[in-house]
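See structure below.
In the working numbering, the protein residues as written are 434 to 514.
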């Protein structure tokens, strides 16, 4: 695919289905992603693939962390002289 076709046909997906992604599709995506350029060839990314009950546990952990942080932000300020 040439650059113009790539630019003209790109799209942003904002809706997703609940259909699971196959392990093979994930492997293919990760394999292709290895070829993506990075600044100064730093390759500064990491990928975590979650399945089963793990995504729900991660969401719950993030939600709990955000709630704890929100409690700290609502705490009264103590001004020192």
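Using N, Cα and C, we set each Cβ at its ideal position, and we do this for glycine too.
Query	Result
Note down the Cα distance separating residue 471 from residue 459, rounded to an integer number of angstroms.	20 Å
Going by C-alpha distance, which of 464, 446, 440 and 455 is nearest residue 485?	455
Kindly indicate which three-state DSSP category residue 488 falls into: helix, strand or coil?	helix
Could you check the C-alpha separation between residue 467 and residue 506 for me, to the nearest Å?	40 Å
When you compare each of 491, 475, 474 and 476 to residue 482 by their alpha carbons, which one comes out closest?	491
In the DSSP assignment, the alpha helix (DSSP H) including residue 440 goes from what residue to what residue?	436-442
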